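Protein chains in written order, with this note's numbering: chain A, 1 to 319; chain B, 320 to 657; chain C, 658 to 1038.
This report concerns only the one structure given below.
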Amino acid sequence: MMTASPNFFTSTDQTAEHFYAQMLLIRHTEQQFLQLFAQGKLNGTVHTCIGQEASAVAVVNALDLQRDVIFSNHRAHGHFLAYCGDVEGLLAEVLGREGGVCGGIGGTQHLYTRNFYTNGIQGGIAPCAVGAALAEKMQGSGAIATVFLGDGTMGQGVVYESMNIAALWGVPILFVLEDNGIAQTTPKQQEHAGDLTTRAQTFGIQTFTADSFDPLALHATAVAAVGMVRQQQCPAFLAVSCYRLGPHSKGDDTRSAEEIAMIEQRDPLRHLELQLDPQQLRQIQQAVEERVRLAVEQVLERPLVATNTTGLTIGRGEE
Amino acid sequence: MSQMLTNVESLRGALHNAMADDSAVVVFGEDILDPYGGAFKVTKGLSTAFPQRVFTTPICEGSIVGMANGLALRGMRPVAELMFGDFITLAADQLINHAAKFPAMYNGRVTLPLVVRTPMGGGRGYGPTHSQSLERMFCGVPHLSVVAPSIFHDAGKSLRAAIASAQPVVFIENKLLYPLRQQLHSTATLQHEFLDAEAEYPTVRLRNFGAGNSPDVTLITNGGISRFLPSLLQRLSDEEIRLEALIPASLSPLPPIAPFAAAAANSGRVVIAEEGTTSNGWGAEFAARLYESCMGKLACPIVRVGALPTVIPAAKQLEDEVLVSETTILNAILKVFS
Amino acid sequence: MGANDTTAIIVEIAKQPGEQVRKGEVICVAETTKSIFDIEATHDGWITFLAETGGELAVGEPVAAICDTPTSAEEILAFIASVSAPVILPQAEGDAAASWTMKAEMVARQQGIEIQQVAAVFPGKKITEADVHQFLAEQSAKPISVTAAVRDLVNDPYPAGRVQRLVIVGGGEGAVQILDALAKIPGQHAVAIVDDNATLHGRSVAGVPVVGPVDATHVKQMIQQNQADGVVISVSTSIPFRQRIFDEWSAAGIPFANVVHPSAQVGINAAIGAGNVILAFCQIGPCATVGNNNFLSAYCSIEHHSTLGNHCSFGPGVITSSRANIGDRARFGTGIFIEPHITVGHDSVVGSGCILWSDVPAESVLKSKLNYAIRQKKVKR
Ligand SMILES: Cc1ncc(C[n+]2csc(CCOP(=O)(O)OP(=O)(O)O)c2C)c(N)n1
């Protein structure tokens, strides 16, 4: 039986315990953000991925984290933590404290670490990810790129331009659709005609589908998709159906109480909890709670970021 | 002296050399493969010489620049061509919200060596959506450079500088300049020098008078407008009007204003000419900067010249009416002078 | 053709249509604003005219075509349309007398002369900036011997766009009123004040320096050295002073200027002399005549067909009706009404509040009998 070790959250073991630990870490961190916002300690906004942690953990763990490139969007905390586990770097970034991954310039929607990039413009990252994957292919690194897109973002034309080029040129990229059925407040049915899962097929892109309710099954599908992309040097499309448990950002949930109650039944954390030994479960929960609590405490003690941050001065010319 | 290269030859040579010198340079755009070699032939011969690194793309300007962004983030040096400058609006999101943002918002931890080349300008009868000069829309975007060589610049050298730069660069070519020979040296009647020869994108100073005289009028202009200057300077010289033309290649950020302010204060009369419309434009910004540093030293208000605020018509005589001509610039010069 | 010409008129056609011509023969004569010139055949051949006598042609429009065989005008026009290479109207030779560089023209304009004046002195030459400077140097060396009327036209000392620079005599409250008016007049501004009060010297009034005493030699020198263009007297309280300065300085050749506040209205055909100060909201009615060196405070009206002499001083609100006739050196207080056709003799003094309905002999003093009583207001507390 596993115990909570220091590398507990970033271990490469693809087991229920680890997935659960990582998902819980994401859940707790996101809840902390909402709480910090409520306390007035967070400037701006956050889009938490509460309810969608399984997608982040299952897909990211299917990648080769040493070399693969990830592009994500406004709802990226889960992807970020699954990628690097840097709770302090994320907290500091969002709270404008020293040691944030982007010096406090980027904030929640604009994160960067190693091969992980996010941006807050819906759809714009799709061609960037294709370009990144093309660069890896041309350089022969063996890496692939992954891009996370929401169902609402499937309304953007640039996404389809990217699929077209990726298929046409054999670019090793995995398009991941995180289909939570809603975009901000607009249900999918009100935004899209037809079926999102068949769209990539039109470009001859192999499409995989999975449900985030079962993280291990989702992971297996993701592994298959990633393997295909890497081996065949071509794009693939992975449609993950999931549920957003929390609000879009903060206090902006327009869905009915019944709908939310229904969604709570689909919480992937519950699903894993049932599979785990209660004692082990408690151990993980304690470890995660401790980890996040200490991180928050520690980051809040750090000074606010200095105003003369390097990023703001690059190539600015004379003013 | 050997025959000067035409603008298109200079650019083409620079692309060849850049690709030969650095295997990270990749070129892509619509219809750029041989034998066609691009709508304006700047990429002619490239796909034959470097078949692995020259891509013809679907018609998708947003993704062309988006892909270039991804390539640039991952260690390549992409040079994307947009067939007509007018189409840059489709790539505006990638330029403004991606290329210009990544290095700064990731706190300087990534570089973005991107060049987006595109031809702007009218005078060819292509009509409203294939004739504009939209570069001003990208001027003033922080962390994005807008570069436009004139015929008095070594366009190829400017392009090499753009490719070598760690910053995203929108590189404006002018359709009417392509076939013209570059003029990089002084002639008997025209003094050619650089204000700041060591700058990445230097500013040319042209004068139709010799040392020891001071100018009557200072003309600040860029890019395609430079095609009028050889004739205009000659005409003014016949009329004894001493003109100093300052032609920066860097439209944004603006080059340091001090030498321009000194020149403006020296002549006391300034005309700013640009190919696009003037409202909220490059010339407006330049004029504001000049006023900030030489208010009170000018003999008369700065006059701006640009296209009429309307669409650019296709019919020749209508197009002529809307676009800047040698005569409009001449009239502006006479206006500040009298 | 001349530099300003864009068209020419065909005044004579020297050949028959269809006639055979030789290169160099005169085919027609054209006229521009500056001269008449011959147009010669450019080739041997048969001529077809495309213009007629009296016709006006733009530069570049064909006058005629000369063909190797006789050809009709229609065929030629069709051919021209097909190749669009018109026969160019030749530039007149020997018309260089009417040409100059733009720089020369602008320098001339800035100096208040017409370029044609310079061109007349250098016939047959393209006038350059240097020629204009030479012309100006020679002009200023020559004594001006023309009559005033001609001088105004030919050698206008105040060309459009040039600001008249004034010296103000007296640095007191009158000067402040004048400076206030000048601040609103784009074409005039004060460069100096002269005042005999030595404590004012080296100081300034509203930014205008008080440069020294009231000294004709000094002011004359300023004008000769082109530092000032004219003078105006701000002193309204001493009529003898006004008159003495005006008469002596005019005799010494110092020009006097009028300062008319832009809110004042001057009617048609009104005549105003020199050295007058006309302040805000005054009216000089149509056909009224104002002499020299008068000082009109705000809200004065010299109504239509009235005549005002010289060296008078008006307080605010002096209103004449039509055809009043006011002699020299009259002085008026505040708030005075003058009925139509009334004459006020010279050197009279009219006190505030008078209403004149009969003529006033010269050297009279008028004091208003209008009276009022002041009593304490009863205030309820
Ligand atoms: C180009 C652009 N348009 C609009 C927005 C505002 N916006 C941010 S998130 C969002 C909804 C996105 O929905 P979806 O793609 O389904 O992702 P989800 O929020 O459900 O994860 C919108 C409209 C944006 N960030 N970018």
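Ideal Cβ placement from N, Cα and C applies to all residues, glycine included.
What you are looking at is a predicted structure, and each value in this text was computed from that prediction instead of being measured.
{"Check": "With DSSP collapsed to three states, give me the class of residue 567 of chain B.", "Outcome": "strand"}
{"Check": "Taking 8 Å as the threshold (C-beta atoms), are residue 469 of chain B and residue 542 of chain B in contact?", "Outcome": "yes"}
{"Check": "If you compare alpha carbons, which of C:1021, C:896 and C:857 is closest to residue 969 of chain C?", "Outcome": "C:896"}
{"Check": "What residue range does the beta strand (DSSP E) around residue 510 of chain B cover?", "Outcome": "510–513"}
{"Check": "Give the single residue among B:600, B:637 and B:585 whose Cα lies nearest to the Cα of residue 615 of chain B.", "Outcome": "B:585"}
{"Check": "Sorted by chain position, which residues of the same chain lie with C-beta nearer than 6 Å to residue 987 of chain C's C-beta, five sequence neighbours on each side aside?", "Outcome": "969, 1001 and 1005"}
{"Check": "Cβ atoms of residue 609 of chain B and residue 579 of chain B: under 8 Å apart, would you say?", "Outcome": "yes"}
{"Check": "Suppose only complete runs of 3+ residues qualify. What are the beta strand (DSSP E) ranges in the segment 37–99 of chain A, listed by chain order?", "Outcome": "69–72"}
{"Check": "For a quick check, are the C-beta atoms of residue 125 of chain A and residue 136 of chain A less than 8 Å apart?", "Outcome": "no"}
{"Check": "Can you give, in chain order, each stretch of the alpha helix (DSSP H) that sits fully within the segment 537–622 of chain B and has at least 4 residues?", "Outcome": "548–557, 577–586 and 601–613"}
{"Check": "Thinking C-alpha only, which one of A:87, A:108, A:98 and A:118 is nearest residue 418 of chain B?", "Outcome": "A:118"}
{"Check": "Below 7 Å, is the gap between the Cβ of residue 413 of chain B and the nearest heavy atom of ligand 1?", "Outcome": "no"}
{"Check": "Please report the straight-line C-alpha distance between residue 122 of chain A and residue 176 of chain A, rounded to a whole angstrom.", "Outcome": "14 Å"}
{"Check": "Along the chain, where does the beta strand (DSSP E) containing residue 825 of chain C start, and where does it finish?", "Outcome": "821–826"}
{"Check": "Hey, is residue 190 of chain A close to ligand 1, as in C-beta under 7 Å from one of its heavy atoms?", "Outcome": "no"}
{"Check": "Cβ of residue 252 of chain A within 7 Å of any heavy atom in ligand 1?", "Outcome": "no"}
{"Check": "For residue 215 of chain A, which three-state DSSP category applies?", "Outcome": "helix"}
{"Check": "If the cut is a Cβ gap below 7 Å, which residues of chain E does residue 129 of chain A touch?", "Outcome": "The chain labelled as chain E is not found among the protein chains of the depicted structure, namely A, B and C."}
{"Check": "Assuming residue 965 of chain C and residue 954 of chain C are in contact, meaning their beta carbons sit under 8 Å apart, how far apart are those beta carbons, in whole angstroms?", "Outcome": "With a Cβ gap of about 14 Å, residue 965 of chain C and residue 954 of chain C do not count as contacting."}
{"Check": "Roughly how many whole angstroms lie between the Cα atoms of residue 80 of chain A and residue 276 of chain A?", "Outcome": "25 Å"}
{"Check": "Going along the chain, which residues of the segment 753–772 of chain C sit with their C-beta nearer than 7 Å to a C-beta in chain B?", "Outcome": "758, 759, 760, 761, 763 and 766"}
{"Check": "8 Å is my cut-off, CB to CB: does residue 385 of chain B come that close to chain A?", "Outcome": "yes"}
{"Check": "For chain B, check one thing: does any of its Cβ atoms lie closer than 8 Å to the Cβ of residue 786 of chain C?", "Outcome": "yes"}
{"Check": "Go to residue 154 of chain A, then tell me how far its alpha helix (DSSP H) extends in each direction, as first and last residue.", "Outcome": "From DSSP, residue 154 of chain A is part of no alpha helix (DSSP H); its letter is neither H nor E."}
{"Check": "Which residue marks the beginning of the alpha helix (DSSP H) containing residue 906 of chain C, and which one marks its end?", "Outcome": "896–908"}
{"Check": "Under 8 Å, Cβ to Cβ, is there at least one residue of chain A near residue 582 of chain B?", "Outcome": "no"}
{"Check": "Rounding to the nearest angstrom, what Cα-Cα distance links residue 623 of chain B and residue 537 of chain B in this structure?", "Outcome": "12 Å"}
{"Check": "Give, in chain order, every residue of the segment 154–166 of chain A whose Cβ lies closer than 7 Å to some Cβ of chain B.", "Outcome": "158, 161, 162, 164 and 165"}
{"Check": "Should residue 423 of chain B be flagged as near chain A, meaning a C-beta pair shorter than 8 Å?", "Outcome": "yes"}
{"Check": "Is the beta carbon of residue 127 of chain A sitting closer than 8 Å to the one on residue 162 of chain A?", "Outcome": "yes"}
{"Check": "Kindly indicate which three-state DSSP category residue 229 of chain A falls into: helix, strand or coil?", "Outcome": "helix"}
{"Check": "Output yes or no for whether 8 Å exceeds the beta carbon distance between residue 414 of chain B and residue 534 of chain B.", "Outcome": "no"}
{"Check": "How many angstroms separate the CA atom of residue 374 of chain B from the CA atom of residue 352 of chain B?", "Outcome": "7 Å"}
{"Check": "Is residue 452 of chain B close to chain A? Criterion is C-beta to C-beta, closer than 8 Å.", "Outcome": "no"}
{"Check": "Sort out for me which residues DSSP pairs residue 399 of chain B with in a bridge.", "Outcome": "B:347 and B:435"}
{"Check": "Under 9 Å Cβ-Cβ, which residues of chain B neighbour residue 134 of chain A?", "Outcome": "345, 374, 386, 389, 390, 393 and 395"}
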